[in-house]
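Visitor: Please read through the structure below; I'll follow up with questions.
2 protein chains.
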Amino acid sequence: MTASRTARERVRAELIREITDIARRQLATDGAGGLSLRAVAREMGMVSSAIYRYFPSRDDLLTTLIIDGYNAIGEAVERAEAACPRDDFAGRWLTACHALRDWAVAHPHEYALLYGSPVPGYHAPQDTIAARVRDVTVLGGIISDAWRAGAMRAPAIEPPAELEGEAAGVREHVPGVPDGVVWQAVAAWTALYGWLSFEVFGQFNGTIEDRRAAFDHSMRLTAATMGLAQ
Amino acid sequence: MTASRTARERVRAELIREITDIARRQLATDGAGGLSLRAVAREMGMVSSAIYRYFPSRDDLLTTLIIDGYNAIGEAVERAEAACPRDDFAGRWLTACHALRDWAVAHPHEYALLYGSPVPGYHAPQDTIAARVRDVTVLGGIISDAWRAGAMRAPAIEPPAELEGEAAGVREHVPGVPDGVVWQAVAAWTALYGWLSFEVFGQFNGTIEDRRAAFDHSMRLTAATMGLAQ
DNA sequence: CATTCGTCAAGAGCGGTGCTCTCGTTTCTT
DNA sequence: AAGAAACGAGAGCACCGCTCTTGACGAATG
Chain A
1 MTASRTARER
11 VRAELIREIT
21 DIARRQLATD
31 GAGGLSLRAV
41 AREMGMVSSA
51 IYRYFPSRDD
61 LLTTLIIDGY
71 NAIGEAVERA
81 EAACPRDDFA
91 GRWLTACHAL
101 RDWAVAHPHE
111 YALLYGSPVP
121 GYHAPQDTIA
131 ARVRDVTVLG
141 GIISDAWRAG
151 AMRAPAIEPP
161 AELEGEAAGV
171 REHVPGVPDG
181 VVWQAVAAWT
191 ALYGWLSFEV
201 FGQFNGTIED
211 RRAAFDHSMR
221 LTAATMGLAQ
Chain B
1 MTASRTARER
11 VRAELIREIT
21 DIARRQLATD
31 GAGGLSLRAV
41 AREMGMVSSA
51 IYRYFPSRDD
61 LLTTLIIDGY
71 NAIGEAVERA
81 EAACPRDDFA
91 GRWLTACHAL
101 RDWAVAHPHE
111 YALLYGSPVP
121 GYHAPQDTIA
131 ARVRDVTVLG
141 GIISDAWRAG
151 AMRAPAIEPP
161 AELEGEAAGV
171 REHVPGVPDG
181 VVWQAVAAWT
191 ALYGWLSFEV
201 FGQFNGTIED
211 RRAAFDHSMR
221 LTAATMGLAQ
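Residue numbers (the UniProt record's numbering), protein chains in the order written: chain A, 1 to 230; chain B, 1 to 230.
The structure is reproduced here in structure tokens:
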């Protein structure tokens, strides 16, 4: 409350920021497995135990990096999509896809931390879920808008009875559409991230070279499947 | 060549097999990050340095586990698909998809090792590529067969000029089809693995519960997109 | 002003890891 | 039988996450 307390808090916040910055740099170069608290401390001129004043464990440091990553990816796609004409649904979809891919290709290790194999003993705390849905909210919003504008084709097949009610958890991100469209959106979502994971994790190495063009075409195929109008 | 030499070689082969078995069990329970050469040695009653007589490094042990994994997944999908009527293309597609998913759900850590974030010492040797394409050969074969039987719809959009020749690396797995169909197959392939990765890596936790049914519907959507006939 | 009290960096240490090297012993080859 | 190759054991190196204790500093309180 007082100025002195705020001063101490400020230097603490600054140190936390510095730790996460260095950690993020190490993550970018060495990957999540290579992130070492001792190396971070060394780079800061501190002793390793001092880090534990600011992060109770390595997993907690990873958690803040994960949240930051989700926010970065969410902000990238939000910003890119917001610049599109609202009624160009295919354009909004493609722009969002490319924003996502650009970020993923530029930050492969961070992408792997977010969407790759979960780290061994790591359980995502609740704090992450708010940040992790920003991209799917954007993607779902495009499909929702397109459907409600009548600028989208009805899905080729309807979901079976056993999926009754299963769409509830997803619908909040793609509101105002029938179940079939929700599942269509899920399919598009998984196709998008399936490509990104394949590309970032190197599954295309040696087989597909112009990955940006191939990705663009693949996402156009997905848009065409949904009948997204321009 | 002689019997005595074969005897020594045989015990060596047996030890290698035992090491990989224990390692695979540890991989299944603790994940790739938790796989420890020392723990394997401990469980075998050996000292850790003795392991290095059989595997020059931890990465080499992981590599054989990766190859085994690709072969296991390839064999599972090959066997399941081979049991389908040859002219039921949608059935073959769905069967292959479910075989893949069943294996992935049953072996999440192994799946993560194959299709998740690459491990730190991550350069996959050439030995893996022969095993890693068995599943895509099956999937590509279905699409190729369907196309040549006239039991498949032409893709909604054609690939752009810049993708000319880019399909070459993929076409060997889906022979005898035009470029547009190759890219359609790639899209289906990425959609399939995108779903599996999302499910295995826990992205559906809390939102989609009946994942088998949802997966089934999603793969039926993909089949419908390709117009696979039954 | 002096004294408590909380925060902090530092250091030592524990148990774990991958990996290397050496040293006898065993086993195969010649 | 002699030499060569393979082998298991052990010690050791450098690293890791994490814990605990110690001493210094600064802010709030008497």
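Glycine included, C-beta positions come from ideal geometry on N, C-alpha and C. These numbers come from a predicted model, not from an experiment.
Does any residue of chain A bring its CB to less than 7 Å from the CB of Glu164(B)?
Guide: It does not: the Cβ of Glu164(B) has no partner Cβ on chain A nearer than 7 Å.
Visitor: Please list the partners that Leu35(A) has in chain B, where partner means a Cβ-to-Cβ separation under 7 Å.
Guide: Ordered by position in chain B, no residue passes the 7 Å Cβ test against Leu35(A), which lies about 11 Å from the chain.
Visitor: Leaving aside the five residues before and after Leu163(A) along the sequence, list all residues of the same chain whose C-beta is less than 8 Å from its C-beta, in chain order.
Guide: Asp179 and Trp183
Visitor: Using three-state DSSP, classify Met46(A) as helix, strand or coil.
Guide: coil
Visitor: Could you tell me whether the Cβ of Thr137(B) comes closer than 7 Å to any Cβ of chain A?
Guide: With respect to chain A, the C-beta atom of Thr137(B) has no partner C-beta closer than 7 Å.
Visitor: For the alpha helix (DSSP H) containing Arg153(A), name the first residue and the last one.
Guide: Premise fails: Arg153(A) is in no alpha helix (DSSP H) and is neither H nor E.
Visitor: Quick check: the Cα distance between Ala149(B) and Pro108(A), rounded to an integer number of angstroms?
Guide: 41 Å
Visitor: Rounded to whole angstroms, what's the CA-CA distance from Tyr193(A) to Ala187(B)? Just pull it up for me.
Guide: 11 Å
Visitor: Just to check, is the beta-carbon of Pro85(A) closer than 6 Å to a non-hydrogen atom of the ligand ZN?
Guide: By its list of ligands, the structure shown contains no ligand whatsoever, and the ligand ZN lies outside what it can speak to.
Visitor: Name the chain A residues whose beta carbon is nearer than 8 Å to that of Ile208(B)?
Guide: Glu166, Gly169, Val170 and Val186
Visitor: Just to confirm my understanding: we take Arg38(A), look at its own chain, exclude 5 residues before and 5 after, and list those with CB closer than 6 Å. What are they?
Guide: Closer than 6 Å at the Cβ level, and outside the excluded window around Arg38(A), lie Ser48.
Visitor: Answer with yes or no whether the minimum CB distance from Ser117(B) to chain A is below 7 Å.
Guide: yes
Visitor: Compute the distance between the beta-carbons of Ala223(A) and Trp93(A), then report whether it is under 7 Å.
Guide: Against a cut-off of 7 Å, the Cβ pair of Trp93(A) and Ala223(A) comes out as a contact.
Visitor: Between which two residues does the alpha helix (DSSP H) harbouring Asp60(A) extend?
Guide: Asp60(A) -> alpha helix (DSSP H) spans Arg58 to Ala82.
Visitor: Determine, using beta carbons only, whether Pro178(B) comes closer than 7 Å to chain A.
Guide: Taking 7 Å as the threshold, the shortest C-beta distance from Pro178(B) to chain A does not fall below it.
Visitor: Does the contact criterion of 3 or more C-beta pairs under 8 Å hold for the stretch 80-95 of chain A versus the stretch 127-142 of chain A?
Guide: yes
Visitor: So with CB distances below 7 Å, who are the chain B contacts of Arg220(A)?
Guide: Ile157
Visitor: Decide if Gln230(A) is buried, meaning its Cβ has at least 16 other Cβ atoms within 10 Å, or exposed.
Guide: exposed
Visitor: What does the alpha-carbon distance come out to for the pair Ala131(B) and Ala83(A)?
Guide: 45 Å
Visitor: Between the Cα of Ser197(A) and the Cα atoms of Arg42(A), Ala104(A), Glu75(A) and Met152(A), which residue gives the shortest distance?
Guide: Ala104(A)
Visitor: Rounded C-beta distance between Ser117(A) and Ser117(B)? I'm assuming under 8 Å.
Guide: 5 Å
Visitor: Which residue from Glu14(A), Gly202(A) and Ala191(A) puts its Cα closest to that of His217(A)?
Guide: Ala191(A)
Visitor: Output the boundary residues of the alpha helix (DSSP H) element that contains Phe215(B).
Guide: DSSP places Phe215(B) in the uninterrupted alpha helix (DSSP H) bounded by Arg211 to Met226.
Visitor: For Asp119(A), count neighbouring Cβ atoms within 10 angstroms of its own Cβ and tell me buried if that reaches 16, exposed if not.
Guide: As written in the sequence, residue 119(A) is Val, which differs from the Asp given in the question. Buried, since its Cβ has 16 or more Cβ neighbours within 10 Å.
Visitor: Once DSSP output is grouped into helix, strand and coil, what is the label at Gly35(B)?
Guide: A small fix is needed here, since residue 35(B) is Leu in this sequence, not Gly. In the three-state reduction of the DSSP assignment, Leu35(B) falls in the coil class.
Visitor: Between Thr225(A) and chain B, is the shortest Cβ-Cβ distance under 7 Å, so that the two count as touching?
Guide: yes
Visitor: Can you find at least 3 beta carbon pairs, one from the stretch 71-83 of chain B and one from the stretch 28-35 of chain B, that sit closer than 8 Å?
Guide: no
Visitor: Considering only residues of the same chain and omitting the five flanking positions on each side of Ile22(B), which have a CB-CB separation below 8 Å?
Guide: Shown here for Ile22(B): same chain residues with a beta carbon closer than 8 Å to its own, the five before and five after excluded, namely Val40, Glu43 and Met44 in chain order.
Visitor: For the alpha helix (DSSP H) that Pro160(A) lies in, which residues bound it at each end?
Guide: First-last for Pro160(A): undefined, no H or E at that position.
Visitor: Closest Cβ-Cβ distance between Ala213(A) and chain B: below 7 Å?
Guide: yes
Visitor: Show which residues of chain A have a CB atom less than 8 Å away from the CB atom of Thr190(B).
Guide: Ala191, Gly194, Trp195, Phe198 and Ser218
Visitor: For Asp135(A), does the count of other Cβ atoms within 10 angstroms reach 16, so buried, or fall short, so exposed?
Guide: buried
Visitor: Using the Cβ count rule (16 or more neighbours within 10 Å means buried), how would you classify Arg12(B)?
Guide: exposed
Visitor: Excluding five sequence neighbours on each side, which residues of the same chain lie with their C-beta closer than 7 Å to the C-beta of Thr137(A)?
Guide: His173
Visitor: Measure how close the beta-carbons of Thr207(A) and Gly169(B) come, nearest whole angstrom, since I'm counting them as under 8 Å.
Guide: 4 Å
Visitor: For a contact defined as C-beta to C-beta under 7 Å, what are the partners of Gly202(B) on chain A?
Guide: Simply Pro118.
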